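Undergrad: Residue numbers (my numbering): 4 to 311. The beta carbon of each residue, even a glycine, is placed where N, CA and C say it ideally should be. These numbers come from a predicted model, not from an experiment.
1) Three or more C-beta pairs closer than 8 Å, one from the stretch 246–258 and one from the stretch 169–181: is that the case here?
2) Starting from residue 100, trace the beta strand (DSSP E) both ways and give me its first and last residue.
3) CA-CA distance, residue 130 and residue 214?
4) What residue range does the beta strand (DSSP E) around residue 265 cover?
5) Would you tell me roughly how many angstroms separate the C-alpha atoms of residue 295 and residue 158, rounded to the nearest one?
6) At a cut of 8 Å, does the stretch 79–86 reach the stretch 222–242 through at least three beta carbon pairs?
7) Does the Cβ-Cβ distance between residue 12 and residue 92 come in under 8 Å?
8) At 3 residues or longer, and completely inside the stretch 118–149: list those beta strand (DSSP E) runs for me, N to C.
9) For the structure I just gave you, are there three or more beta carbon pairs, one from the stretch 15–30 and one from the stretch 44–64, closer than 8 Å?
10) Starting from residue 46, trace the beta strand (DSSP E) in both directions and tell me its first and last residue.
11) What three-state label does DSSP hand residue 57 in the structure shown?
12) Mind checking residue 7: buried by the 16 CB within 10 Å criterion, or exposed?
13) Once DSSP output is grouped into helix, strand and coil, what is the label at residue 25?
14) Beta-carbon within less than 6 Å of residue 101's beta-carbon, same chain only, minus the 5 sequence neighbours each way: which residues are those?
15) Whole angstroms is fine: what's the gap from residue 281's alpha carbon to residue 155's?
16) Does DSSP put residue 18 in a helix, in a strand, or in coil?
17) Measuring alpha carbon to alpha carbon, tell me which residue in 151, 120 and 251 is nearest residue 198.
18) Less than 8 Å between the beta carbons of residue 153 and residue 104, yes or no?
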């Protein structure tokens, strides 16, 4: 207890100020206090530590050998204390910390998402952002297990217990056709034009909302698609199309892949949408997470308004 009482941040500040000023009187002026209480505090500090920090001279003071050896450690402790306070304050304002972001399939290819994250990092450079790319069910589990703080997912989320889910945007979709396809030279196409083609699609459990939207659009177009080879993830559909294994319906952002052997075409109505949402654990809206959610939702609203 004596040592705990001795190592007081206030006393460390007094010690450093006196060492730097070389005088109790000048240090008291710098600290904004009277000289006698300062002298009393340092004497008690030395008594509690069991060492002499200063040699008192007729005019001023000098550090003892022990005092000189302890000075840098005192400065380090004070710097760490200041950094601790600054970090806590920054985290309370949502301006510091580590943000772990989960991204569902092909989300990183939609320009508004990486550009908004980049602007977020530029605006708050003391926030460290890390990423985990996966599918919506896996990201839901990651949120529940607190391995990510926020996830950009493709709704609906089957396991949404304790999750707050906010809509972000509805991305247009395009038809991906292999080069040489009879409609490869066309502009926009109708889904009914693909009725006879094997449809390459990802497993439903990886993104039930988008999966069902594609099948529903086909049914509205008057046919039930002939299911082709399954892709292990959304982005993997494009290489399978390039290999001539069928056609696919993908988020418009996947057209940026520029895979050889594939052409991309707007779809006439009825066309499915690739919806995105942002999910967080309900009741765990840390300031940093709340700030990120707000910034991303606003950016997506602006993006949809401009695109519409």
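TA: The short version:
1) yes
2) 100–106
3) 35 Å
4) 265–269
5) 19 Å
6) no
7) no
8) 130–136
9) yes
10) Note, residue 46: premise wrong, no beta strand (DSSP E); alpha helix (DSSP H) at 38–52.
11) strand
12) With a pLDDT of 48 at residue 7, under the threshold of 50, the modelled position of that residue is not reliable, and the figure given next carries that caveat. The residue is exposed, with fewer than 16 neighbouring Cβ atoms inside 10 Å.
13) coil
14) 131
15) 4 Å
16) helix
17) 251
18) yes
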